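Chains as they are written, first to last, in the numbering used here: chain L, 1280 to 1610; chain A, 1280 to 1610.
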């Protein structure tokens, strides 16, 4: 009888102890930064091309990393990193944006400040050189979050932002891509959206995303990039997220907010939350998938994608850093 | 010694049993519907005005209720109810929409199907008589979720939807409101957005929202109404939500998805989740607040608002129904 009782107590104790949260000690980074410049592809990128991409990814990373190392804000870091990526013709944002079906460029961008949950975004703009700068000014100088089309351009002009002819964004590569899509009566997969998430020395998280959208798009189609809660979120207490991928899926699943909610309400780790959303939700939907880059309040970085490749680079105050396009073992 | 052991076992058993979910038996409605037509105001509405509003709210309700009673789909019920509200000049959607700073109308709408998480939306449209119809066609006949501006109009025209001159939406009341705002160099509070959520006999939940936005808005400002996850969400397994209020707050908090997530990930009841978001998040932010209407998978209805009034009407298969503007005790 005694033995049975002791066994029961031990069993109870085991069940009870398993209910307690097992919190491993977490190293908190002083600062942390991660960027993406698109995800997609039906195969891995050849090694030499990857090496070329990594040069630009590392240069972009250095922009934000330098700001953070010098005690600058996460907001400045993500904005300036995205400006670099917008100006780089390699990616689908700013210069180098894909073309709409009628051979033009319509750009979207968003930014969020995790310290106060303020946010700004622009959608369907055709002449603002750096849409992410416009998004930041919407956040800081208007009572609004989202401005679209000509109205957004008028605002950017009033604010003294650089205005360019629509042809500024055109590159020969994207022209050829559109010609091929028109021949096939198809729309392209959304590749090359750019974004950045950062945690600064003051514990502030910020996130920004910018894109030219989907090649061959029409009817003023807007994806997830300018939608706070879909592509972009920042909350100092939980996480910052920026996304790249098949925007419609991101909107339907409120991907960025879903990662936030799985962490805050369900207690999932950043890795678990990002995995759950990308693999158990996005990957199960009909579409071309994509990826997210995330930083939690401790500076932990997660880059999760269900595509063959994702252009990305990352750095932490503890010294860990890198750039990659194809999957790497350490992630 | 025996007594101590028995006490310990009992204590363990109590702790364990308290871990089990205590699910009360819930009455499941055969169908359920709730609509809103805006929230706001600095004081309660006079009784006689409320009575006039209730006539229109009840008429709108009858549209959707009849569809549900006859075995129609939640999607048809919310679309047709919102079409009625768009056509009614009393509310800020379709005919009767507020005016932008330059005396025009820019309309936004969204719809979501909780059976498959498909969604559609339009933003900044100026000539589509019923934006909610366009939102539904975006969902059903394109691979996209969000179309904006002239592109959205071109799509609506291709689909044979009724196109009207921008002046169709103008009413004397909204003209006078704009004149007053311009005199005060102000923007109006967002009042009169409309929306509907329904659960049909097949267990499908749908939600739709439509608005003219904020009176005196400029720069192509877009609020939460066309943003899936902010104003509108539908998921058969959890909840449907439509919102009205200060759209920027809704976008920053991903309100509709937040209610979903608090229920699905944190186990809150519909009432608790809506209360948490409206009172502990929205009401604590600087802004003019607003409200949400929600239906969970059992057909339970919650209407939560932090404003003085919210135009609303509701009905359940079990017989409970009503229309109200001012707060009522039974809620």
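Idealized CB from N, CA, C, for every residue including glycine.
All values derive from a computational prediction rather than experimental measurement.
{"Query": "Go through its chain and collect everything with a Cβ distance to residue 1298/A's Cβ below 6 Å, but skip five positions before and after it.", "Result": "Model confidence at residue 1298/A stands at a pLDDT of 41, short of 50, so the residue's coordinates are unreliable; what they give is reported in the following sentence. Closer than 6 Å at the Cβ level, and outside the excluded window around residue 1298/A, lies no residue."}
{"Query": "With residue 1311/A as the anchor, note down where its beta strand (DSSP E) starts and where it stops.", "Result": "1311–1319"}
{"Query": "Measure from the C-beta of residue 1558/A to each C-beta in chain L and report whether the shortest distance is under 7 Å.", "Result": "no"}
{"Query": "Counting only beta-carbon separations shorter than 7 Å, does residue 1300/L have a partner in chain A?", "Result": "Because the pLDDT of residue 1300/L is 46, which lies under 50, any placement of that residue in the model is unreliable, and the number read from its coordinates should be weighed accordingly. Chain A, which has no Cβ nearer than 7 Å to the Cβ of residue 1300/L, makes this no."}
{"Query": "Are there three or more Cβ pairs, one per stretch, closer than 8 Å when the region 1543–1556 of chain A is compared with the region 1577–1590 of chain A?", "Result": "yes"}
{"Query": "Considering only C-alpha positions, which residue in the set 1363/A, 1325/A, 1393/A, 1433/A is nearest to residue 1314/A?", "Result": "1363/A"}
{"Query": "Return the residue from the list 1524/A, 1426/A, 1428/A, 1340/A that minimises the CA-CA distance to residue 1599/A.", "Result": "1340/A"}
{"Query": "For the region 1379–1397 of chain L against the region 1509–1524 of chain L, do three or more pairs of beta-carbon atoms, one drawn from each stretch, fall closer than 8 Å, so that the two count as touching?", "Result": "yes"}
{"Query": "What residue range is occupied by the uninterrupted beta strand (DSSP E) comprising residue 1340/A?", "Result": "That residue, residue 1340/A, is in no beta strand (DSSP E); its alpha helix (DSSP H) goes 1326–1348."}
{"Query": "Taking all protein chains shown into account, decide if residue 1280/A is buried (16 or more other Cβ within 10 angstroms of its Cβ) or exposed.", "Result": "Per-residue confidence for residue 1280/A stands at a pLDDT of 45, beneath the threshold of 50, marking its modelled position as unreliable; the derived number appears in the next sentence. Classification of residue 1280/A: exposed, given that the 10 Å Cβ count is below 16."}
{"Query": "With a threshold of 7 Å on Cβ separation, who are the neighbours of residue 1300/L within its own chain once the five nearest residues in sequence on each side are excluded?", "Result": "With a pLDDT of only 46 at residue 1300/L, under 50, the local geometry of the prediction cannot be trusted, and no value is derived from it."}
{"Query": "Which residues in chain L sit within 7 Å of residue 1424/A, going by Cβ to Cβ distance?", "Result": "1527, 1530, 1531"}
{"Query": "Residue 1593/A bridges to which residues according to DSSP?", "Result": "1313/A, 1601/A"}
{"Query": "List the residues of chain A whose Cβ lies closer than 7 Å to the Cβ of residue 1434/L, in chain order.", "Result": "1498"}
{"Query": "Residues in its own chain within less than 7 Å of residue 1342/A by CB, not counting five upstream and five downstream?", "Result": "1359, 1360, 1363"}
{"Query": "Which of the three DSSP states is assigned to residue 1373/A in this structure?", "Result": "coil"}
{"Query": "In the structure shown, what three-state DSSP assignment does residue 1494/A receive?", "Result": "coil"}
{"Query": "Where does residue 1371/A land, buried or exposed, given buried means 16+ other C-beta within 10 angstroms?", "Result": "buried"}
{"Query": "Using the three-state DSSP reduction, which class does residue 1607/A fall into: helix, strand or coil?", "Result": "coil"}
{"Query": "What is the DSSP secondary structure of residue 1500/L, reduced to helix, strand or coil?", "Result": "strand"}
{"Query": "Report all residues from its chain with a CB closer than 6 Å to the CB of residue 1438/A; omit the five preceding and five following residues, and keep chain order.", "Result": "1416"}
{"Query": "At a cut of 8 Å, does the region 1371–1380 of chain L reach the region 1477–1486 of chain L through at least three beta carbon pairs?", "Result": "no"}
{"Query": "In three-state terms, what does DSSP make of residue 1300/L?", "Result": "With a pLDDT of only 46 at residue 1300/L, under 50, the local geometry of the prediction cannot be trusted, and no value is derived from it."}
{"Query": "Can you tell me which of the three DSSP states residue 1406/A falls into?", "Result": "coil"}
{"Query": "Using a Cβ-Cβ cut-off of 6 Å (strictly less than) and excluding sequence neighbours within five positions of residue 1453/A, which residues of its own chain qualify?", "Result": "1377, 1378"}
{"Query": "Given a cut-off of 7 Å, decide if residue 1368/L and residue 1450/L are closer than it, judged by their beta-carbon atoms.", "Result": "yes"}
{"Query": "Could you list which residues in chain A have their beta carbon closer than 8 Å to that of residue 1536/L, in chain order?", "Result": "1508, 1533, 1536, 1537, 1540"}
{"Query": "Kindly list the residues whose CB is nearer than 6 Å to the CB of residue 1575/L, restricted to its own chain and excluding five residues on each side of it in sequence; keep chain order.", "Result": "1518, 1549"}
{"Query": "Using a Cβ-Cβ cut-off of less than 7 Å, list which residues of the region 1367–1385 of chain L approach chain A; keep chain order.", "Result": "none"}
{"Query": "If you draw a straight line from the C-alpha of residue 1506/A to the C-alpha of residue 1306/L, how long is it?", "Result": "37 Å"}
{"Query": "Flag this pair as yes or no: are the beta carbons of residue 1402/L and residue 1427/L separated by less than 7 Å?", "Result": "yes"}
{"Query": "Can you confirm whether the region 1565–1574 of chain A touches the region 1559–1576 of chain L when touching is taken to mean that 3 or more C-beta pairs between the two stretches lie within less than 8 Å?", "Result": "no"}
{"Query": "State the CB to CB distance for the pair residue 1338/L and residue 1577/L, rounded to an integer number of angstroms; the pair is presumed to be in contact (CB under 8 Å).", "Result": "The pair is not a contact, with the Cβ atoms about 27 Å apart (cut-off 8 Å)."}
{"Query": "Find the residues of chain L that neighbour residue 1402/A, judging by a C-beta separation of less than 7 Å, and give them in chain order.", "Result": "1427"}
{"Query": "I want to see whether chain A comes within less than 7 Å of residue 1340/L, judged by CB atoms only; does it?", "Result": "no"}
{"Query": "Just to confirm the assignment: which complete alpha helix (DSSP H) runs, minimum length 4, are found wholly within the region 1421–1461 of chain A?", "Result": "1428–1437"}
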